[in-house]
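Number of protein chains: 2
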Amino acid sequence: MEDTTTLSVTKPIRCIVKLGGAAITCKNDLEKINEENVEIVSSQLREAMITGSSSRKVLGMDWSKRPGKSGISCDADDFEDQNLDSSSFVVVHGAGVGLQSDVHSLLVKICDADLLFLPSGSFGHFQASKSGVHKGGLNKPLVKAGFVATRISVTTLNLEIVRALAREGIPSIGMSPFSCGWTTSERNMASADLSMVAQAINSGFVPVLHGDAVLDDLQGCTILSGDVIIRHLAAYLKPEYVVFLTDVLGVYDRPPSEPNAVLLREIAVSEDGSWSVVKPTLEDMKKQVETTVAAHDTTGGMATKISEAALIAKLGIDVYIVKAATTHSSRALSGEVKGALPEDWLGTVIRFVGKGNRNC
Amino acid sequence: MEDTTTLSVTKPIRCIVKLGGAAITCKNDLEKINEENVEIVSSQLREAMITGSSSRKVLGMDWSKRPGKSGISCDADDFEDQNLDSSSFVVVHGAGVGLQSDVHSLLVKICDADLLFLPSGSFGHFQASKSGVHKGGLNKPLVKAGFVATRISVTTLNLEIVRALAREGIPSIGMSPFSCGWTTSERNMASADLSMVAQAINSGFVPVLHGDAVLDDLQGCTILSGDVIIRHLAAYLKPEYVVFLTDVLGVYDRPPSEPNAVLLREIAVSEDGSWSVVKPTLEDMKKQVETTVAAHDTTGGMATKISEAALIAKLGIDVYIVKAATTHSSRALSGEVKGALPEDWLGTVIRFVGKGNRNC
């Protein structure tokens, strides 16, 4: 399905990070970034990527004019003695273009090759839902206009995230799936050339991709979610681990706002793709979770997250779902919680157990 | 050199338009868009593209929140009876990342495959010149940071142009050459996959490309100018005509600010690539222009423009160089001045004469 002929990464990818829409935007506010969270997350990413960077002066790479300022401050000399060598990370952020009311039918239609995380974030959502971009039909003026409006909204968010990362000294490069030539066929990924992503990584950059409106062979257009992108990147780049940053501590057995909701700490995925809760060891936990799905998917979407994460875990890649901008996210990003989970780390890890090896 | 295997445009391209940096930004102001010009140019483009559009209500496609506003106004119903069919245009805008002080050496080094228009515009220039991105060397922290900063600046401009066009009801789609996978080899175009541009056109969109920082096989990175992009697009998409929008009326025989500067109205390009001024018929005009180049290229760059435009004209494609946001630009964009030039049209046309046919 993918064109991997030209794909070759010269050094291993350490981590693919999903910045969930709910974590980086103000969910109930139109096109508003959660500046504080984005700043903390960017700083945590810098510390995880660049060894010893926490004690150093941050050399920002966003030399654009800031609102209200007339000039740019950039001291070129400061860069001379800097070693910016960093381990390879890829960032993908949500676009928030999922459609709550439509999510069940979407999940049914798009089958397992295109499972969708639930809507979150405030960019792209209005534009996509107003026009029905995900349903296709570019011959309709409203859909075509909505496609244009959605891409404007999600690329605006992308630019802001790239700038926030660059301000923290992360060599971030925005890459839109649409421009990279990623297309779908009846909503399933049809082509996703990763060669440019690989080249950017090989040149020492951190690609920043995002959920996007893309062309579809059969229905004209659709929405490609950040989570589908993550899964494809994980399959072909084989990172050491994947971190999903969200706005709750991790995956719960029911919507986290409900009383008695229990944080699932560790989920094991077996060879046949089924999964079970290892920690906490509540009896029949898996069944409880499944039961919760039907009633609550539109309010939390965590069961969908498990299914999606399980597909990545099945590749032998540990997946951490953790609350953004906390000590827990910092520890997950740095890889500190690999292996035995520290008792004081709060989050959910989803791991492949298979037959005791990491290949499947 | 190009990967054209997957390139196929289903309907002919009418026009490729270059929005010169000098025309769309405030040249002497850091990262400031010339809002008035951009708005007029966008409106002229809409009228040229969409037949009968001047009498219709403009249905904007930028549904993003505007500064100071809390919501978005978009009346979905308005789109129902719209026929948005438009002839195919491609827009390329300058990035202003050329380097004045370095332009002569650049022109020498990059040979005829990579002729460079002179610097203009206020986006990307500071970032690129501060770090020397065009010279390559991504292993240097300053160059790597400058690459990131340059891309942030030029994609900021791209987003603003896309939004301005969308506000006028033009289905514009931003496409960064970097993300499209365009790379150079020792500053010459090495790969420029046009398939995604073609697909966007076939789906009824107007791709909006821009000068960009790109990866280079040999020197790590460089700057790919909007004009090199235009020439490649022209060679493979074969538009009916190409329009360069700039901040002076056209090409003069010397810097337009000088007394007695004469506007060159028509330039003929012959089969061997040489060119001569047909109108006005001043004796030895060509030699005068050439003499002017050495002394004044850094102040106006018009001779460089002629050489570049001549390469496009040699393909049998008329090139119009015209002042943005005037009646002259409107007439050039609409194709009204094709054929015999109206006496009251001010601008420069560069045409292939060859042996009386349009093939070369």
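Chains as they are written, first to last, in my numbering: chain A, 67 to 426; chain B, 67 to 426. Glycine residues also receive a C-beta, built at the ideal position from the N, C-alpha and C atoms. Nothing here was measured: the structure is a model prediction, and the numbers come from that model.
- DSSP, reduced to helix, strand and coil, places residue 207(B) within a helical segment of the structure shown.
- Between residue 202(A) and residue 285(A), the C-beta gap is smaller than 9 Å, which places the two residues in contact.
- At a cut-off of 9 Å between beta carbons, residue 193(B) contacts chain A.
- For the set 420(B), 393(B) and 419(B), the Cα lying nearest the Cα of residue 408(B) is the one of 393(B).
- Sorting 343(A), 402(A), 97(A) and 303(A) by C-alpha distance to the C-alpha of residue 319(A) places 343(A) at the top.
- Here residue 286(A) is bridged, per DSSP, to 282(A).
- Scanning chain B for C-beta atoms nearer than 7 Å to the C-beta of residue 145(A) yields 207, 208 and 211, reported in chain order.
- Residue pairing by DSSP leaves residue 379(A) without any beta bridge partner.
- Counting only Cβ-Cβ distances below 7 Å, residue 265(B) has contacts in chain A at 281, in chain order.
- Pairing residue 96(B) with residue 233(B), the inter-Cα distance amounts to about 24 Å.
- Assignment of residue 393(A) by DSSP, reduced to helix, strand and coil, places it in the helix class.
- Scanning 78(B), 213(B) and 419(B) for the CA closest to the CA of residue 236(A) turns up 213(B).
- Per the DSSP secondary-structure output, residue 240(A) pairs in a beta bridge with 274(A).
- The DSSP-derived three-state label of residue 227(A) is helix.
- Ranked by how close their Cα comes to the Cα of residue 93(B), the residues 116(B), 160(B) and 215(B) have 160(B) in first place.
- A direct Cα-to-Cα measurement between residue 382(A) and residue 401(A) gives close to 15 Å.
- Taking 9 Å as the cut-off, the Cβ atoms of residue 303(B) and residue 99(B) do not count as close.
- Boundaries around residue 103(B) are those of the alpha helix (DSSP H), 101–115, since no beta strand (DSSP E) includes it.
- Shown in chain order are the members of the stretch 281–304 of chain A whose Cβ falls below 9 Å from a Cβ of chain B: 281, 286 and 287.
- Among the residues of the stretch 104–136 of chain B, those with a Cβ less than 9 Å away from any Cβ of chain A are 125, 126, 127, 128, 129, 130, 131 and 136, in the order of the chain.
- Assigned with DSSP and collapsed to three states, residue 332(A) falls in strand.
- Relative to the Cα of residue 341(B), the nearest Cα in the group 405(B), 397(B), 191(B) and 419(B) belongs to 419(B).
- The alpha-carbon of residue 111(B) is positioned some 30 Å away from that of residue 215(B).
- For residue 189(B), there is no enclosing alpha helix (DSSP H), as DSSP gives it neither H nor E.
- At a cut-off of 9 Å between C-beta atoms, residue 259(A) counts as an interface residue with respect to chain B.
- Its chain contains 75 and 154 as the residues whose beta carbon lies nearer than 6 Å to that of residue 267(A), once the 5 sequence neighbours on both sides are disregarded; these appear in chain order.
- Among the residues facing chain B, residue 99(A) is not included, as its CB has no counterpart in that chain under 9 Å away.
- Assignment of residue 156(A) by DSSP, reduced to helix, strand and coil, places it in the strand class.
- In this structure, the CA atom of residue 189(A) is about 48 Å from the CA atom of residue 410(B).
- In this structure, the CA atom of residue 346(B) is about 21 Å from the CA atom of residue 311(B).
- Under DSSP, residue 84(B) takes part in a beta bridge, and its partners are 158(B) and 310(B).
- About 18 Å separates the beta carbons of residue 339(A) and residue 330(A), which is beyond the 8 Å limit, so they are not a contact pair.
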